[in-house]
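Colleague:
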Amino acid sequence: MAFSKAAGSPADTTVHTSEQGLQGGDIGIPVGDAVLPAYYALPEGRRGLPVVLVVQEIFGVHEHIKDVCRRLAHAGYFAIAPELYFRQGDASTYDDIPTLFGEIVNKVPDAQVMGDLDAALAWAGTLGADTSRAALTGFCWGGRVTWLYCAHSEQVRCGVAWYGRLEGDRNELRPRQPLDLAGALKAPVLALYGGRDDGIPLDQVERMKRALAQGSAAARASSFVVYPDAPHAFYADYRPSYRADAAADGWQRMLAYFQEKLGA
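When you read off a place in the sequence shown, starting at 1, and then add 306, the result is the number in this note's numbering.
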């Protein structure tokens, strides 16, 4: 199992989901002149499955994100996780989070991310997945991206954002934040957040709720679940931040949401 160095040593609570009964693995998706690395998993021999795009944490598509894909595959989905900043560098080679942010993460344009997610979704269709029934979920960095993609895509039916940043600085690479786009969502979002997340205070959550309530039909259909005692990254079973009860509840809520929106 290969975890990003910057994430630290895997905790004893780390989950490893069996590959038995699944097909998939590491692949490359042509995107213009580049080849987008990705990991995918689905139940062996199945076609016509709904698609779930899995959006990485800051650590890239390392073992935890691949395991999330396998968990979704066992639940009956075609899950695919594209490496969304491969053009900027290899996140797995960094030893610390500040350097990883400075040299890679902060140099990733939102427009690049949206295009690569579009390409990953289209590629899933070439393998027989039903891209008319598509959703996405993302964690931390990917939670923010989930909000952005639900304002960007005409194709996804819903998103599940795990503790993604809602506000922040704006620049040429990141011209808008989720709060700026809340009213213009094209697909509803189920938002799973921690009440003890030091990086995303609850006043941000309240501002987001107010913006959603005044927005599009998809925005008004979005909802938050806040776990009062959970910190940031409470789903990350390989880290000390993991909170098993909140993680299990959030996962079941996500699966129920996908069932409702995708008819899986």
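Note that CB positions come from ideal geometry on N, CA and C, so glycine has one too.
In this text the structure is predicted, and so the values were computed from the model without any measurement.
Grab the span of the beta strand (DSSP E) containing residue 329 for me, first residue to last.
Modeller: 328-337
Colleague: For the beta strand (DSSP E) containing residue 346, name the first residue and the last one.
Modeller: 340-349
Colleague: Can you tell me the Cα-Cα spacing of residue 419 and residue 337, whole angstroms?
Modeller: 12 Å
Colleague: Helix, strand or coil: how does DSSP classify residue 540 here?
Modeller: coil
Colleague: Compare the beta carbon distance of residue 368 and residue 324 with 8 Å and say whether it is the shorter of the two.
Modeller: no
Colleague: From the DSSP output, in three-state form, read off residue 369 for me.
Modeller: In the three-state scheme derived from DSSP, where H, G and I count as helix and E and B as strand, residue 369 is classed as helix.
Colleague: If you check the beta carbons only, do residue 362 and residue 453 fall under 8 Å apart?
Modeller: no
Colleague: Taking all protein chains shown into account, decide if residue 434 is buried (16 or more other Cβ within 10 angstroms of its Cβ) or exposed.
Modeller: exposed
Colleague: So residue 466 and residue 560 are supposed to be a Cβ contact under 8 Å. How far apart are they, rounded?
Modeller: 5 Å
Colleague: Please give the ranges of any alpha helix (DSSP H) in the segment 452-482, keeping only runs that are unbroken, at least 4 residues long and fully inside the region.
Modeller: none
Colleague: With respect to the beta strand (DSSP E) encompassing residue 500, which residues constitute its N-terminal and C-terminal limits?
Modeller: 495-500
Colleague: Among 374, 388, 373, which one has its Cα closest to the Cα of residue 424?
Modeller: Looking at the Cα atoms, 388 is the closest of the given residues.
Colleague: Considering only their Cβ atoms, is the gap separating residue 530 from residue 511 smaller than 8 Å?
Modeller: Yes; because the gap between Cβ atoms is below 8 Å, this pair is in contact.
Colleague: Could you have a look at residue 419 and say whether DSSP puts it in helix, strand or coil?
Modeller: helix
Colleague: Which whole-angstrom value describes the C-beta separation of residue 538 and residue 528, a residue pair presumed to lie in contact below a C-beta threshold of 8 Å?
Modeller: In fact, because the Cβ distance is near 20 Å, the residues do not count as touching under 8 Å.
Colleague: Can the beta-carbon of residue 327 be found closer than 8 Å to that of residue 349?
Modeller: Taking 8 Å as the cut-off, the Cβ atoms of residue 327 and residue 349 count as close.
Colleague: When the Cα of residue 385 is compared with those of 520, 391, 392, 426, which residue comes out closest?
Modeller: 426
Colleague: On the DSSP bridge list, what partners appear for residue 386?
Modeller: 346, 359
Colleague: Is it buried or exposed, residue 443, if we count other Cβ atoms within 10 angstroms and call 16 or more buried?
Modeller: buried
Colleague: Quick check on residue 485 - is its C-beta less than 8 Å from some C-beta in chain B?
Modeller: The chain inventory of the structure shown lacks chain B, comprising one protein chain alone.
Colleague: Return the CA-CA distance between residue 422 and residue 428, expressed in angstroms with no decimal places.
Modeller: 10 Å
Colleague: Which same chain residues end up closer than 7 Å to residue 585 when comparing Cβ atoms and leaving out the 5 residues on each side of it in sequence?
Modeller: Because residue 585 is not part of the residues shown, which for the chain are 307 to 570, the question remains open.
Colleague: Compare the C-alpha of residue 322 against each of 523, 556, 374, 340 and name the closest.
Modeller: 374
Colleague: How big is the Cα-Cα spacing for residue 258 and residue 415?
Modeller: Lying before the first or after the last residue shown, residue 258 is absent from the chain, which here runs from 307 to 570.
Colleague: Pull up the CB-CB distance for residue 472 and residue 484, whole angstroms please, since I reckon it's below 8 Å.
Modeller: 5 Å
Colleague: Beta strand (DSSP E) containing residue 532: first to last residue?
Modeller: 529-533
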